[in-house]
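Worksheet: the structure to be examined is printed underneath.
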Amino acid sequence: MESIRYHLELTPEQLKITHTALRSLLDDFGHDESRIVDLILEVIAKLPDEHAIRAIRLGEEADARLGTGSEPSGPTLLPDPPGGGSPSAA
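Residue numbers for the sequence shown follow our numbering, so the first one is 516 and each next one is one higher.
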C-alpha cells in the first residue's frame with residue numbers, strides 16, 4: 516500500500532506555531548506511547564532547525580500584512596502527485 520505524502524505551505528509565523536505545538540505535544544505522551552513520540556519527532560525533524568525557528572518573530576508578518584491591506588492566506592495542504600519524488604519540506 517502506497518502512503519500519501521502532502522506538501523504543506525506555511526508562513527514563517529505558522530511554521531513557528533506548528534513547531535511550538537509539536538514540541539508541546541511531546542510533553543503529553545508517556546513512555547508507553549513511544550510510537551506517537553517517534554512520529555512527532557519525525558515531523559519535527561522535517562522542519563527547519565531550532566535556531567531558524569527561534570529567529571522567527573511572531574507579529575511582525577501580521578503587522579506587515581495589515582500595513583499593506585492584504586488578507587492573510589491560510590495554509591495550503593495538497594497531496595503530492597502520485598509516485599512523485601521525495602516529500603517536500605515545510
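All C-beta atoms, glycine included, are put in the ideal place defined by N, C-alpha and C.
Other residues of its chain near residue i: CB distance less than 8 Å, five sequence neighbours each side excluded
| i | result |
| --- | --- |
| K531 | I568, I571, L573 |
| I555 | L537, L540, L541, F544 |
Residue i in three-state terms, based on DSSP
| i | result |
| --- | --- |
| L562 | coil |
| L556 | helix |
| D547 | helix |
| I568 | helix |
| L540 | helix |
| E528 | helix |
CB-CB length for residue i against residue j, believed under 8 Å
| i | j | result |
| --- | --- | --- |
| I551 | H534 | Between H534 and I551 the Cβ distance is about 17 Å, and since that is not below 8 Å, they are no contact. |
Cβ neighbours of residue i in the same chain (closer than 6 Å, five flanking residues each side left out)
| i | result |
| --- | --- |
| S518 | none |
| G584 | Summary for G584: the model assigns pLDDT 45, below 50, so the residue's position carries little reliability; its value from the coordinates is reported in the next sentence. If we look at G584 and ignore the five residues flanking it on each side, it has no Cβ neighbours. |
Below-9 Å beta-carbon distance, residue i vs any chain D residue
| i | result |
| --- | --- |
| I568 | Among the chains in the structure shown there is no chain D, since it carries only a single protein chain. |
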